[in-house]
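Participant:
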Amino acid sequence: MSDPSVINDSQLEPDSAGKSTADRDKLRPWVRHYEQGVPAQLDIPDQPLTWLLDQTVSKYPGRTAIIYYGTKLSYAQLSSLANRFATGLQKLGIQKGDRVAIALPNIPQYPIAFFGALRAGAVVVPTNPLYTEREMQHQMADSGARILVMLDSFYPVVRAVRANTQLEHIILTSPADFLPPVLHTLYPLSQRNVKHPESPLTAKERHEDKTLHTMSAMGDLHTRKGIEVFNLPVQASGNELAVLQYTGGTTGLSKGAMLTHRNLLANAMQTRYWTPNALVAEEVTLCVTPFFHSYGLTVGMNLSILAAATMVLLPLFKAKDVVKTISRYRPTLMPGIPTMYLAIMREAGERTKQLSSIKYCISGAAPLPAKVRIDFETITHGKLVEGYGLSEAGPVTHCNPLNGDIRDGSIGLPLPNVNAAILDQKTGVPVPVGQEGEIAVKGPNIMQGYWKREEETANIFVNGWMRTGDIGKMDEDGYFYVLDRAKDMIIASGFNVYPREVEEVLFMHPSVQEAAVIGVPDEYRGETVAAFVILKPGIEASEATRQ
């Protein structure tokens, strides 16, 4: 890869290409506030996303890639298992451009299936394993997935809707498959009280349905007399589709954001170089944020592989398990969300030494209250900063500097190669510094559009900018602030009220643990503010407070 600190004018956005450095800095004031070691611009190679794994395997084959409840896989082993899975997919008829859905939690099978599918030339469709029948049917039918990789215990959900999809094969696996022998034996006992879908998959059904396969058997499809046989990875350019990342569906049915290999490679590099002090082949990432979410995929998995970090996988967030895992495996990086950090601090209590390995945490998906950041940094002596992004951007576009000027209440600065602006909601024209409008972004990580939705694609792009749907502002230093979702803004008596600002005030009260604010109808004001508050343990609300 060429020097990532070199500014390549061919990769700058049209509004800055060809201009002097001084002119570009005026257009991008945030660059002046990058911490030392963060380049203003990255040179993104024209490579498939699998290049991340290929590069790390070639340099650090023996480095531990995955730790899963004591089981360890090296990068060479991860790559080999991905190769086996890729060949298994090819044997089942997968060709370039076919969609392969993965509905798994954070277990070793996820990166194996993800990179295996890409090496087979497929497009990955990350899917929440806890989806309802309606949600599963929509995503499978909309994406046109031919194969679904999923947990065997949740197969009844797919069975119920499979006839309404294009699914040809189902590949089944279990969280127990990569557990150490003792834990593997005990796993069935741990599931006795776990609620699973009705009409579970039977042994007879497994045997008679020839479209059902096990992931462990997939590795045997490529062998001949014990010698590995693997069709060379299907070549893909950076501009070809890699992932259909479905949005959260907060404004209706979820839509598939079309992310290319270059989109995702760019975002992995952007987040990697945002942590210049992270050491190659020395960091350990606690991966509890789901890989099926774009945030977990990029900041958890892809960034870790790019940095040759060890990934400690947890399939489910339970504060007690997380604290034990941190104490045992001493992770240095932990992407998460504010409620996770709150729960971890509450669980650790006075045992703060258990969290002392943490160096860098990027919080996403929700506003990070200043008190949560300060308390977490005090306990761990590490850094916790707020970032921002959306599925359509791979997802990260902004972040506060890890070792620079952290501004509470701000989502931070646009990452290298990202251009951002505040647009007038009616005209789509950038507004002056400090004025409110809609946050919009450009960059190599921005999606190509929505899958099979030309009208929605046309609506989200304006004058070359991708609209985020968030109302915000930019200060004179290039720090951006999210005031709220455009649809969440409360208009009370003609005044704009932003729930986030009210929530920040509520968080300042010493008795408040969590708070959420919404707008509710009001006969006089049109709308008014309603707050939902969770008090800290041991504190009770008085009757007057309840009223």
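Letter by letter, the sequence shown follows residues 75 to 621 in our numbering.
Where a beta carbon is used, it is the ideal one built from N, C-alpha and C, also for glycine.
1) What residue from LYS392, GLY468, MET343 has the CA that sits closest to VAL370's CA?
2) Report buried or exposed for VAL373, applying the criterion of at least 16 other Cβ atoms within 10 angstroms of its Cβ.
3) Is ILE613 helix, strand or coil when you go by DSSP?
4) Does DSSP put GLU601 in a helix, in a strand, or in coil?
5) In terms of residue numbering, what span does the alpha helix (DSSP H) encompassing PRO185 cover?
6) In this structure, how does DSSP classify ASN493 when only helix, strand and coil are distinguished?
7) Among the residues of its own chain, which have a CB less than 7 Å from the CB of LEU464, if the five just before and after it don't count?
8) Measure the C-alpha to C-alpha separation of ALA495 and PRO412 and round it to an integer number of angstroms.
9) Does the Cβ of ASP544 have 16 or more other Cβ atoms within 10 Å, making it buried, or fewer, making it exposed?
10) Unbroken beta strand (DSSP E) runs of length 3 or more, entirely within the segment 116-203: which are they?
11) Output the boundary residues of the alpha helix (DSSP H) element that contains HIS281.
12) Beta carbon of MET289, beta carbon of ILE245: below 7 Å?
13) So if DSSP puts HIS472 in a beta bridge, which residue, or which two residues, is it bridged to?
14) Take SER328 and list the residues in its own chain whose beta-carbon comes closer than 6 Å to its own, dropping the five residues that flank it on each side.
15) Straight-line CA distance for SER368 to VAL576?
16) What does DSSP give as the partner residues of PRO504 in its beta bridges?
17) Would you report the Cα separation of ASP551 and GLU578, rounded to the nearest angstrom?
18) So, with DSSP's three-state summary, where would you put HIS287?
19) Can you tell me where the alpha helix (DSSP H) with PRO230 in it begins and where it stops?
20) Let me know the secondary structure DSSP gives LYS329 once reduced to three states.
21) Measuring straight from C-alpha to C-alpha, what distance separates MET521 and PHE366?
22) Excluding five sequence neighbours on each side, which residues of the same chain lie with their C-beta closer than 7 Å to the C-beta of ASN537?
23) Are any of the Cβ atoms in chain D nearer than 7 Å to that of CYS435?
24) What does GLY546 pair with, by DSSP beta-bridge criteria?
25) For a test of the three-state rule: what should DSSP assign to HIS367, helix, strand or coil?
26) Closer than 6 Å by C-beta to ILE608: which residues in its own chain qualify, once you throw out the five before and the five after it? Chain order, please.
27) Based on the DSSP secondary-structure assignment, which residues constitute the bridge partners of LYS457?
28) Buried or exposed: which applies to GLY136, given that a residue is buried once 16 or more other Cβ atoms fall within 10 Å of its Cβ?
29) Check this for me: beta carbons of ALA194 and ALA160, under 7 Å apart or not?
30) Can we say the segment 139-146 touches the segment 180-198, given the rule of at least three CB pairs closer than 8 Å?
31) Within the same chain, show all residues whose beta-carbon is closer than 8 Å to that of SER44, passing over the 5 residues directly before and after it, in chain order.
32) With DSSP collapsed to three states, give me the class of HIS212.
33) Taking the alpha-carbon of ILE448 as reference, which of VAL199, MET582, LYS170 has the nearest alpha-carbon?
34) Should VAL235 go down as buried or exposed, given a rule of 16 or more other Cβ atoms within 10 Å for buried?
35) Return the residue from the list PRO200, LYS278, VAL459 that minimises the CA-CA distance to VAL317.
Facilitator: In brief:
1) The question names Val, yet the displayed sequence has Gly at residue 370. Of the listed residues, the one whose Cα sits closest to GLY370 is GLY468.
2) Its Cβ being crowded by 16 or more others within 10 Å, VAL373 is buried.
3) In the structure shown, ILE613 sits in coil (DSSP, three-state: anything other than H, G, I, E or B).
4) Residue state, collapsed to three classes: strand.
5) 183-193
6) DSSP places ASN493 in strand when its eight states are reduced to three.
7) THR542
8) Those two C-alpha atoms are separated by around 26 Å.
9) buried
10) 138-142, 145-148, 173-177, 197-200
11) 277-282
12) yes
13) TYR462, PRO488
14) TYR320, THR321
15) So the alpha carbons of these two residues sit roughly 28 Å apart.
16) LEU497
17) 22 Å
18) It is a strand residue.
19) 229-235
20) Secondary structure at LYS329: coil, using DSSP grouped into helix, strand and coil.
21) The alpha-carbon of MET521 is positioned some 17 Å away from that of PHE366.
22) GLY502
23) Given the protein chain composition of this structure (a single chain), no chain D is represented.
24) GLY511, VAL556
25) coil
26) GLN587, GLU588
27) TYR434
28) exposed
29) yes
30) yes
31) Outside the shown range of the chain (75 to 621) lies residue 44, about which nothing can therefore be said.
32) Helix, per DSSP.
33) MET582
34) buried
35) Among PRO200, LYS278, VAL459, the Cα nearest to that of VAL317 belongs to PRO200.
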